[in-house]
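Everything below concerns the one structure shown next.
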Amino acid sequence: MTATALYGRELAAAIRAETTERAAALTASGRPPKLAVVVATADESSAWYVRSIAKAAGQSGIACDIVDLGPDAAADTIVAALDRLSADGSVHGVMLQTPLPGGAALEELAGAIAFGKDVDGANPLSLGRLAAGLPAHPPATAEAVVALLDHYGVELAGRRVAVVGRSTVVGKPLAHLLLDRNATVTVCHSRTVDLPGVTSTADVVVAAAGRPGLITADHVRPGATVIDVGTNPTSDGGLTGDVAAEAVGHRAAALTPVPGGVGPVTTALLLRHTVRAAADR
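Converting from the sequence shown to our numbering requires adding 2 to each position, the first position being numbered 1.
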C-alpha cells in the first residue's frame, strides 16, 4: 500500500480566494483588515510559520504586523503588547506565537487578547466557548485538520480518531471539534501506556506531539488516514513532521506531507478569521 498524499494547497487556495475578496471589500469600505503577531521566541520552526503568515497576508490584502519582543521577553512585556494591540482600533486580529520564554505560559498570557480579536483561539474564553459549542474562533491548526479531512471526504461520524498530543493549541481543541462531528475520540499523550496499541485501532491518527518521527508503522493500522501536524526543524533548514513518513506511507491509506499538508490550510484559516473579525467590528 502506498498512501495518498493529502496536500493542503488546493484547499488553502480556495480559502484564500474567498478571504482576498472579502478583504478587498472591507478595504474599499474603509476598514482594511490587519493582523498582529506577537513573537517572543528564536525557535526556527516558529519563525518559518510567522514568515508564511506575513507572506500570505500580503497576498490576500491583509496588513500583518510582526511584533518581535525577543526570546528573553518577560511575561509582563508580552501582556503589555497584547493589551496594546487589543485596544488598537486598527488591529482586528491578535495572535501570540509559541513557544514562549521560560516562565511564560500561553494559557496564562492569552487572556490578555481581546475575545473579538482572538483569531487563533488562544484565550481561555475562546477555548471554553469552543468546548461548550458556542461561537468562537477555534485554533487555526485544529480547525485545519478537520477542514482537510472534509476536503478529502474522510468520514468522521462514528469513526475512531486518535489524537496524539494534548496541547491547548491543537490536541484539546481538536478533540472538541471532532466530537462535534460525532467522532469517537481518544487523546493520547506522553503518559499513554502502549501508544501503538491505542493508535493502531483508530481509523484516523492525528500526530501533534512535536516529536520528530514519533508515529511509526507500528502505530497505524492498514488503511488508516494519518494527519501529521508536526513542524520540526531539520539540520538543513527544512521541516519534518511527527510521522515517520516513509514507513507509515506504506501502511496508511492517506497521509499529509510536511511541509505542504496542514500548514497551508492553517495559515489560510487564520487569515479568514482575521477578515471575519474585521467584518464584525
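Glycine residues also receive a C-beta, built at the ideal position from the N, C-alpha and C atoms.
Mapping the DSSP letters down to three states, classify residue i as helix, strand or coil.
i: Thr218; result: coil
i: Asp78; result: helix
i: Arg162; result: strand
i: Ala255; result: coil
i: Asp244; result: coil
i: Val52; result: helix
i: Pro235; result: strand
i: Ile68; result: strand
i: Val172; result: coil
i: Ile17; result: helix
i: Leu37; result: strand
i: Thr268; result: helix
Go through its chain and collect everything with a Cβ distance to residue i's Cβ below 6 Å, but skip five positions before and after it.
i: Ser54; result: Thr269
i: Pro35; result: Ala25, Leu28, Ile64, His94, Thr276, Val277, Ala280
i: Ala159; result: Asn184
i: Ala114; result: Val81, Leu84, Asp85
Would you mind sorting residue i into buried or exposed? The rule is 16 or more other CB atoms within 10 Å of its CB.
i: Gln99; result: buried
i: Leu196; result: The identity of residue 196 in the sequence shown is Asp, whereas the question assumes Leu. Exposed is the call here.
i: Pro266; result: buried
i: Gly263; result: buried
Can you give me the C-alpha to C-alpha distance between residue i and residue j, rounded to a whole angstrom?
i: Met97; j: Ala116; result: 10 Å
i: Gly91; j: Asp85; result: 12 Å
i: Val260; j: Val228; result: 12 Å
i: Pro126; j: Gly105; result: 18 Å
i: Gly130; j: Ala59; result: 28 Å
i: Leu87; j: Leu37; result: 10 Å
Give me the Cβ distance between residue i and residue j, rounded to the nearest whole Å; I'm assuming they're in contact under 8 Å.
i: Ile68; j: Val41; result: 6 Å
i: Asp2; j: Pro103; result: No information on residue 2 is available, as it lies outside the stretch 3 to 283 that the chain covers here.
For residue i, which residues from the same chain have a beta carbon less than 7 Å from its beta carbon, with the 5 sequence-adjacent residues on both sides left out?
i: Leu179; result: Pro140, Ala144, Glu145, Val148
i: Val2; result: The structure shown does not extend to residue 2, since the chain is modelled only from 3 to 283, so the question has no answer here.
Between which residues of its own chain and residue i is the CB-CB distance below 8 Å, once the five residues before and five after are set aside?
i: Thr233; result: Ser47, Trp50, Tyr51, Leu241, Gly243, Val260, Pro261, Gly265
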